[in-house]
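Numbering (the working numbering), first residue to last: 22 to 111.
Below you'll find the structure, written out as structure tokens, and then a few comments.
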């Protein structure tokens, strides 16, 4: 069963993944997370240029495996942002 990036009324966490080469890596990140049955929700760019970083919304209980898998596949710079208690990520 696939885990949704954000369920209505459910909490979510943001991952900011720094890109090393170009914006085409966004598809690679979606593929890596897809192999873990993590549905990429809210994929967007972050930074002055589109190739600096992307932001992915995922369920909080999938953060560890997502970060480890991205690191393993050559994305060493992954930052995790968790919303304050009682709030959700837009």
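Note that the Cβ used here is the ideal one computed from N, Cα and C, for glycine as well.
All values derive from a computational prediction rather than experimental measurement.
Run of the alpha helix (DSSP H) containing residue 78, from where it starts to where it stops:
Careful: residue 78 lies outside any alpha helix (DSSP H), inside the beta strand (DSSP E) at 74 to 79.
Looking at residue 61: is its Cβ nearer than 7 Å to the Cβ of residue 38?
no
If contacts are defined as beta-carbon pairs under 8 Å, then residue 40 and residue 73 qualify, I think. What distance do you get, rounded to the angstrom?
7 Å
Using the beta-carbon count (16 or more within 10 Å), is residue 83 buried or exposed?
buried
Spatial distance of residue 103 from residue 75 (CA atoms):
16 Å
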